[in-house]
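> Position one of the sequence shown corresponds to residue 3 (the numbering used here), numbered consecutively onward.
Even glycine gets a Cβ: it sits at the ideal position worked out from N, Cα and C.
Bear in mind that the values here come from a model prediction, so they are computed numbers and not experimental data.
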Amino acid sequence: MTHRNLTKAALRGEPSYVWRAGQQRRLEMILKAAGERIRGRILENGCGVGMYVEHLSPFGGTVIGLEYDFERAAEARLRSPHILNAAGETLPFPSSTFDLILSHEVIEHVQDDRAAIREMIRVLRPGGRAVIFCPNRGYPFETHGIYWQGKYHFGNKLFVNYLPRFLRDKLAPHVRVYSAQDMKALFADLPIRIIEQTIIFGAYDNLISRFGAFGKFLRAVLQFLEKTPLKVFGLSHFWVVERT
3 MTHRNLTKAA LRGEPSYVWR AGQQRRLEMI LKAAGERIRG RILENGCGVG MYVEHLSPFG
63 GTVIGLEYDF ERAAEARLRS PHILNAAGET LPFPSSTFDL ILSHEVIEHV QDDRAAIREM
123 IRVLRPGGRA VIFCPNRGYP FETHGIYWQG KYHFGNKLFV NYLPRFLRDK LAPHVRVYSA
183 QDMKALFADL PIRIIEQTII FGAYDNLISR FGAFGKFLRA VLQFLEKTPL KVFGLSHFWV
243 VERT
């Protein structure tokens with residue numbers, strides 16, 4: 003990566019550039035959570051280069067992607083004409099506009115995550131749902147890299163998220179990580195009911211491409227753990243909330 007691309011990766015994460023088993027699994031989770039709403043008005047809030055916008059569009063709804071980074075928004079427009087360049091904390095839509103909102107590994111990067119959540123609930127119609135994926139503090143790796151001695155170091159860093167919060171945030175000031183209590187605080191006092199809240203492991207497509215059968219075995223074991231209390235060590239929170 004160039005220095006410029008590293009800086010962008012640090013501040014805004016790396017979006018999905020290819021569609022593999024991990025993305026397909028999450029799409030199926032989104033579809034299950036959406037139900038009939040998948041045929042309504044849909045917003046992907048933080049759409050990256052538009053991969054999920056493209057894969058949600060065939061189900062009959064009107065899918066709009068919103069992306070803060072101009073270059074990524076421009077790339078997303080190659081996949082869909084319905085792309086806006088704007089910030090998630092001030093969504094450019096009237097209240098009660100959408101039947102479904104997807105926020106996929108985005109809120110950890112925004113300037114004000116509470117404002118971003120509040121805006122999503124504002125633009126949902128009553129009965130509309132928001133589907134949110136975001137990093138779990140219990141995961142043993144900080145997947146967004148760290149800053150050390152003034153330099154950004156890209157990649158997975160072991161046990162950073164287990165440090166006391168002030169130390170963890172000093173190493174990773176560019177990205178948030180969430181405990182279950184943090185998640186509840188994001189939605190406190192908002193007009194929602196929680197439909198689903200769980201923690202999932204990844205699909206580990208890179209490991210599978212490198213190690214084959216061993217990678218598939220590891221993925222099967224970790225995804226089995228999602229059905230046990232050990233899911234607290236999973237990669238991402240998966241929350242589905244419905245506006246009341």
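(1) With DSSP as the reference, label A2 as helix, strand or coil.
(2) Going by the CB atoms, is the gap between H239 and I201 shorter than 9 angstroms?
(3) For the 8 angstroms Cβ check, are there 3 or more pairs between the stretch 123-142 and the stretch 96-108?
(4) Do you know offhand how far G152's Cα is from I109's?
(5) What is the DSSP secondary structure of Y164, reduced to helix, strand or coil?
(6) Leaving out the 5 sequence neighbours to the left and right, which residues in its chain are closer than 7 angstroms to Y141 when beta-carbon positions are compared?
(7) Leaving out five residues before and five after L188 in sequence, what residues of the same chain have Cβ atoms less than 7 angstroms from its Cβ?
(8) Rounded to whole angstroms, what is the Cα-Cα separation between G48 and S82?
(9) Do the stretch 132-149 and the stretch 160-180 make contact, defined as three or more Cβ pairs closer than 8 angstroms?
(10) Cutting at 6 angstroms between CB atoms, please list the residues of its own chain near E144, excluding the five before and the five after it.
(11) With a Cβ-Cβ cutoff of 9 angstroms, do G130 and R245 count as a contact?
(12) Is it true that the CB of G15 sits closer than 9 angstroms to the CB of H111?
(13) Less than 9 angstroms between the beta carbons of I210 and A76, yes or no?
(14) When you compare each of G214, Q113, V55, E107 to F135 by their alpha carbons, which one comes out closest?
(15) Can you check which of these residues, Y70, K34, G217, is closest to D207 by C-alpha distance?
(16) Report the residue ranges of all alpha helix (DSSP H) runs contained in full by the stretch 106-179; include only those spanning at least 4 residues, in chain order.
The structure says:
(1) Outside the shown range of the chain (3 to 246) lies residue 2, about which nothing can therefore be said.
(2) yes
(3) yes
(4) 25 angstroms
(5) helix
(6) N163, F235, G236, L237
(7) D115, R116, I119
(8) 14 angstroms
(9) yes
(10) K159, V162, N163, A174
(11) yes
(12) yes
(13) no
(14) E107
(15) G217
(16) 115-125, 167-173
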